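Heads up: the structure comes next, in structure tokens.
Protein chains: 2
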Amino acid sequence: MTENTKERLLETAQRLFGQQGYDATSLRHIIAEAGVNLAAIHYHFGSKEELLDEIIQRSAGPVNEQRLALLDRAEAEAGGCPLSVEKVLHAFLWPMSTAADENPEFVRLMGRIHAEGMLHTIVQRHFQAVLARFVPAMRKAVPHLSPEEFLWRMHFMIGAMAHTMCGAPDFTRVTEAPGDFSRRIEFLIRFLSGGFHAPEGAGVEVKE
Amino acid sequence: MTENTKERLLETAQRLFGQQGYDATSLRHIIAEAGVNLAAIHYHFGSKEELLDEIIQRSAGPVNEQRLALLDRAEAEAGGCPLSVEKVLHAFLWPMSTAADENPEFVRLMGRIHAEGMLHTIVQRHFQAVLARFVPAMRKAVPHLSPEEFLWRMHFMIGAMAHTMCGAPDFTRVTEAPGDFSRRIEFLIRFLSGGFHAPEGAGVEVKE
DNA sequence: GTCTATACTGAGATAGAC
DNA sequence: GTCTATCTCAGTATAGAC
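Going down the list, the protein sequences come from chains A and B.
Going by our numbering, the first residue of the first sequence is number 1, and it counts up by one from there.
Going by our numbering, the first residue of the second sequence is number 1, and it counts up by one from there.
So, in structure tokens, the structure goes:
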């Protein structure tokens, strides 16, 4: 039962990390639910952080491939022309919706990972290739923005996305039926579109 | 030296929480830098979480008062008319800029608190009163939005704000001189304004 | 190669002496 | 109010059974 142990650990850990967060989940809780020995984690993965790394690799891989595929197709359809903001956002965010339907815990985990910010090296390793494609694509969609304003808007996008993957608004109850993650993504794309299309520079009254 | 001990603990803990995060900062690290005994924390605060709670209360209090004062003044100037999105955002976000100049670690800590999401009860306790004023004010600024779309946009705003308080974009180095937090806030207000002003509903091509 | 048992260090928390 | 000693549980490491 060699593969069985490893697989059970991956599935259990992913679920618990997504539900409770990475720090809040102890290895002893994971092994208890998976029904394996504590040392099995260190045998198969080496450490708690490497366990997380393998979980991300397993699920983020397909999502990132789909992102790149959507971007490829959109760019092919556009010929050499720059894509619209909406198309870039769609290629980036839509695969999350697909993933959420079959794997909701993973999406919450991804949100946490981005938001917690601590495990910075892990994020960078798995999303570097995707960002390398999407940052230039988005840059071409809003060429009028200054480099600084553009980078900040990308930053805001990441923040909104991470928070949205983590959960729903909590000041009021919003229906959270299974499968309506796509709806959430549509709201997000509209909002971010508006943000990226906002006029640049000194248009805000900050008189104080 | 009773008050001295408590004060040193509060200041040291705030600095370390902001620099390293809440979970990553051990009580033993705090007491070592503050030069007090481990049990002093539990005597003065009761637990690590209550220590954090008191830190937030101390620094978030003035920020929230300033937020409410700015909102009061803006509403008084407007007579009975709804405020603009920009004015509401300004009243909500600008006090963070003031706080950042004299207390940068606190702002990073606030960002982490919002983003980590775990310490949910703490956030709710300290920001409930502020949200109770700002949610209706913003609602009046965008009355055409459906309730659902409105709540999601508030959610996106919180995410972008939390991520922005935590740090600067990291795919490229952005100048982070002291005192230019206000610049960051201006970028954020512009972006969020665009998001809130975005047209509602089925305007996104999600053909798949 | 795979898993079990056990021990080590450091975390937060608590009781009780002073 | 403060400090020492101690408790439980965390992540980690390793020796050895199968």
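Positions of the beta carbon are idealized from the N, C-alpha and C atoms, including for glycine.
In this text, all values refer to a predicted model and were calculated from it rather than measured experimentally.
Item	Value
Cβ pair count under 8 angstroms reaching 3, the stretch 81 to 99 of chain B against the stretch 55 to 73 of chain B	yes
Span of the alpha helix (DSSP H) around B:C81	First-last for B:C81: undefined, no H or E at that position.
Sequence-distant residues of its chain with Cβ nearer than 7 angstroms to B:F106 (five each side left out)	Q14, G18, S59 and A99
Residue of A:A115, A:G195 and A:L192 minimising C-alpha distance to A:G21	A:A115
Segment contact flag, the stretch 135 to 142 of chain A with the stretch 40 to 56 of chain A, C-beta cutoff 8 angstroms, min 3 pairs	no
B:C81 classed as buried or exposed, judged by whether at least 16 other C-beta atoms fall within 10 angstroms	exposed
Residue from B:E54, B:P147, B:C166 and B:F92 whose Cα sits closest to the Cα of B:I189	B:F92
Rounded separation between B:I30 and B:A39 - CA only	12 angstroms
Proximity of B:H155 and A:T12 at Cβ, strictly below 8 angstroms	no
Minimum length 4: unbroken alpha helix (DSSP H) runs contained in the stretch 27 to 91 of chain B	27 to 34, 38 to 44 and 48 to 77
Chain A contact for B:F191 (CB, 8 angstroms cutoff)	yes
Nonlocal neighbours in the same chain, by C-beta distance under 6 angstroms from A:A160, ignoring five residues either side	none
Rounded separation between A:N103 and A:E148 - CA only	36 angstroms
Spatial distance of A:H126 from A:A137 (CA atoms)	19 angstroms
Any C-beta of chain B under 8 angstroms from that of A:E50	no
Endpoints, the alpha helix (DSSP H) within which A:H120 is located	H120 to A141
Residue burial classification, B:R184 (beta-carbon count within 10 angstroms, cutoff 16)	buried
Neighbour flag for A:L188 against chain B, beta carbons, 8 angstroms	yes
Beta-carbon neighbours of A:P169, restricted to chain B and to distances below 7 angstroms	L151, W152, M154 and H155
Range of the contiguous alpha helix (DSSP H) that encloses A:L151	P147 to C166
Straight-line gap, A:K6 to A:C166 (C-alpha atoms, nearest Å)	26 angstroms
C-alpha distance - B:E200 paired with B:S182, whole-angstrom precision	30 angstroms
Same chain, Cβ closer than 8 angstroms to A:Q57, five either side skipped, listed in chain order	H126
CB of B:F196 within 8 angstroms of CB of B:R133, strictly	no
Buried/exposed call for B:S193, threshold 16 Cβ in 10 Å	buried
Beta-carbon proximity list for B:V123, same chain, < 8 angstroms, skipping 5 on both sides	I113 and H114
Close-in-space but distant-in-sequence residues of the same chain around A:E54 (CB under 7 angstroms, 5 per side omitted)	L10 and F45
Where B:P104 falls: helix, strand or coil (DSSP)	helix
Proximity test, Cβ basis, 8 angstroms: A:T12 and chain B	no
CB contact check: B:D23 to chain A, cutoff 8 angstroms	yes
C-alpha gap between B:Q209 and A:N37, whole angstroms	In the structure as shown, chain B begins at 1 and stops at 208. Residue 209 of chain B is therefore absent and cannot be evaluated.
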